[in-house]
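Enquirer:
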Amino acid sequence: MFEEYELPDSGVFRGFEPDTFAFLTDLAANNTFEWMTANEERYRRVLREPLRMLFKALAPVMSRLNAGFETEAKYGRVLASIRRRWPDDRATYHTYLWGAFFRADRSRQTDAQLFVTVRVHGISVGVGIGAGAQEVWSQFRENLAAMPDKCLHLIKMALDEGFVLSLTASESAGVESQPVTLTALESEDDLAALREAESLSIERIYPASDELLYQPDFADEISAVFEHLYLLYRCFTSPYVPVEPLNAAPQPYSLEQLQADTFLDRDMLERMIGLLKDKGQIILYGPPGTGKTYVARQLAHHVIGSKGELRVVQFHPSYAYEEFIEGIRPHSDNGQISYPIEPGVFRRLCDEARLHVDRAYVLIIDEINRGNLPRIFGELLYLLEYRDPTEAVMLPYSKTPFTIPTNVYLIGTMNTADRTLAVLDQAVRRRFHFVPLRPDPNVLRTWLAAHDKTRLLWVADLLEELNRRLAEDGLDWQSQIGQTVFMLRDLDERRVALIWEHSVMPTLEEYFYNRAGWQSRYVYHELIAAAKAAHG
46 MFEEYELPDS GVFRGFEPDT FAFLTDLAAN NTFEWMTANE ERYRRVLREP
96 LRMLFKALAP VMSRLNAGFE TEAKYGRVLA SIRRRWPDDR ATYHTYLWGA
146 FFRADRSRQT DAQLFVTVRV HGISVGVGIG AGAQEVWSQF RENLAAMPDK
196 CLHLIKMALD EGFVLSLTAS ESAGVESQPV TLTALESEDD LAALREAESL
246 SIERIYPASD ELLYQPDFAD EISAVFEHLY LLYRCFTSPY VPVEPLNAAP
296 QPYSLEQLQA DTFLDRDMLE RMIGLLKDKG QIILYGPPGT GKTYVARQLA
346 HHVIGSKGEL RVVQFHPSYA YEEFIEGIRP HSDNGQISYP IEPGVFRRLC
396 DEARLHVDRA YVLIIDEINR GNLPRIFGEL LYLLEYRDPT EAVMLPYSKT
446 PFTIPTNVYL IGTMNTADRT LAVLDQAVRR RFHFVPLRPD PNVLRTWLAA
496 HDKTRLLWVA DLLEELNRRL AEDGLDWQSQ IGQTVFMLRD LDERRVALIW
546 EHSVMPTLEE YFYNRAGWQS RYVYHELIAA AKAAHG
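To convert, take the position in the sequence shown, counting from 1, and add 45; that gives my numbering.
1. Use the C-beta contact count for G562: other C-beta atoms within 10 angstroms, 16 or more gives buried, fewer gives exposed.
2. Is the separation between the beta-carbon of R311 and that of L300 shorter than 9 Å?
3. Per DSSP, which one or two residues make a beta bridge with Q359?
4. Could you say which of R109, Y275, L110, R97 lies nearest to E117 if we only look at CA atoms?
5. Looking only at its own chain, which residues have a Cβ that is under 7 Å from the Cβ of A437, when we skip the five neighbours before and after it?
6. Fully enclosed by the stretch 448-511, which beta strand (DSSP E) runs are 3 residues long or longer?
7. Using the rule of at least 16 other Cβ atoms within 10 Å of the residue's Cβ for burial, across every protein chain shown, is P95 buried or exposed?
8. In angstroms with no decimal places, state the Cα-to-Cα distance between H273 and E397.
9. Look up M439 in the DSSP assignment and give the residues it is bridged to.
10. Which same chain residues, not among the five before or five after A345, have their C-beta less than 7 Å away from its C-beta?
11. If the criterion is Cβ atoms closer than 9 Å, does the pair L124 and L92 meet it?
12. In three-state terms, what does DSSP make of L212?
13. On the DSSP bridge list, what partners appear for E354?
14. P481 and V402 - do their beta-carbons sit closer together than 9 Å?
15. Let's test the definition: count the other Cβ atoms within 10 Å of the Cβ of Q154 and tell me whether it reaches 16, buried, or not, exposed.
16. Going by DSSP, what residue range makes up the beta strand (DSSP E) through E424?
17. Have a look at R90, N460, L99, R475 and flag the residue whose alpha-carbon is nearest the alpha-carbon of T335.
18. Considering only their Cβ atoms, is the gap separating G171 from I247 smaller than 9 Å?
19. Count the C-beta pairs between the stretch 99-113 and the stretch 79-86 that are closer than 8 Å, then say yes if the count reaches three, no if not.
20. Threshold first: 3 residues or longer. Then list the beta strand (DSSP E) segments lying entirely within the stretch 233-306, N to C.
21. Anyone know if the C-beta pair for L159 and A145 falls short of 9 Å?
22. Kindly indicate which three-state DSSP category G527 falls into: helix, strand or coil?
23. Who pairs with A145 in a beta bridge, going by DSSP?
24. Taking 9 Å as the CB-CB limit, is R151 close to chain B?
25. If we call anything under 9 Å between Cβ atoms a contact, is F531 one with V568?
26. Quick one: residues in its chain with C-beta nearer than 7 Å to the C-beta of L263, no 5 flanking neighbours on either side, listed in chain order?
27. Report the rounded CA-to-CA distance for W182 versus M202, giving the unit in angstroms.
28. Do the stretch 353-367 and the stretch 411-421 meet, that is, are 3 or more Cβ pairs less than 8 Å apart?
29. Check the DSSP bridge columns for E371 and list the partner residues they point to.
30. Assuming G167 is part of the beta strand (DSSP E), what are its boundary residues?
31. Would A157 be called buried (16 or more neighbouring beta carbons within 10 Å of its own) or exposed?
32. Measure the beta-carbon distance from V390 to E424 and round it to whole angstroms, keeping in mind my assumption that it falls under 8 Å.
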């Protein structure tokens, strides 16, 4: 009866009361329906409503962490019931009350959760996985196997900061297993227990004597704890495990390094950086072999510095909104099929970026023009133009407001030999700055000299002569041959001839398939002779 209806909203969280813990102590001594009925108003006033107001205060923070979280501060949703589901001879009620944030398409039992539990002696705040969350356990064990250093680093950081790890192993021979509490991971046995556990929690305990529990600021304290523990939640639930590096942070990737690695002019690189920071998104376009993807990666490393994050996706004709933003995907849980809403790669990146506003997050979209951009971006096209945090759109699946953080950047690459700029939707074009990467024999010359291949400088002359003839035959720079086809570390005269025969000529055959006699202008040895004559 105690959770069947909601009281009128009592306003804001003002802290718990000393009687909160006295009530639970009395309940432990008088655990009957009759006693609870007589103390119903006290229960609501000192325990139920303060906990509900606390979760209401935490909801905006949790939505920012993960737009897919269930955040409605109601019993049966984020808040549990104090009444036992299956009363036994010992007690009718739990001697604690708790609530948890979890993904809305799952339940408290089937997902990892960020929880607050009010007990007789204090309040515990943490993250955990229950025995019923089999899909989460599978993902966590996969992460432990694939990325043990990252996962263990996160757990050890929490333990070093005073959190406690509790593990419960599977029952053996009908004997109920008792929780094992660890304050450090020190041995192989500890790691084995972690891998084989049936349930776990990593929590910080605030004793009832802590004055902070009785103040409104306790909500801010828990918000900070949850933001800290959210990385562990991700370690449990996601194949992407963002963590601080285990070793010393790498040095920022300087503009000088960027210039040395890309062989591009400093002015051009500064222009790219300025354009990216102006709109938040640029597209590098040009024919194959101009280094678009490589330049995009190096540019991203410069922008993110030593703390940010880079991710890469490649668009294709069947790439969809559901993969990029969010969509419904089938899940099997203990033989039951469900269809939860899963965030896509871009929404996950944005959710992460909101946690670290002092860091840059870059998403490279390779071959961006191969996808149907209006369909993939959907309502986010509006947000690409308006990065104001007050300008949100409602996502159609999760029905949650969404914004693109100002510390998220997009770098697209576009192959102009496949499709020209003209085919791009005008609404898409308006939201990106476009930066051409043209075939450049000077980049090849610089690269050859830097790699001790000065004897092959004639290859740059060959490329220049080739593209000069293509221009004479009516092909603009967007269809010419890029320099990176020759930028191979083991390049020698034999490799140059093979590249010409098996890479350059097939491309020219495609360009001139309906022209007779074109081959006479592109004979390999004749072009070499012409190039050498032109350049002495």
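Note that CB positions come from ideal geometry on N, CA and C, so glycine has one too.
Predicted model, so just to flag it, every value in this text is computed and none were measured.
Expert: So, from the listed chains and residues:
1. exposed
2. yes
3. D411
4. R97
5. P446, F447, T448
6. 453-460, 478-481
7. buried
8. 12 Å
9. P446
10. L355, V407, I409, I456
11. no
12. strand
13. Y406
14. no
15. exposed
16. Premise fails: E424 is in no beta strand (DSSP E) and is neither H nor E.
17. N460
18. yes
19. no
20. 242-252
21. yes
22. coil
23. F160
24. You won't find chain B in this structure, because it holds only one protein chain.
25. no
26. With the sequence shown as reference, residue 263 is identified as Phe, and Leu is not the correct amino acid for it. Cβ neighbours of F263 beyond the five flanking positions: G60, L257.
27. 21 Å
28. yes
29. P388
30. 167-174
31. buried
32. Not confirmed; about 17 Å, so no contact.
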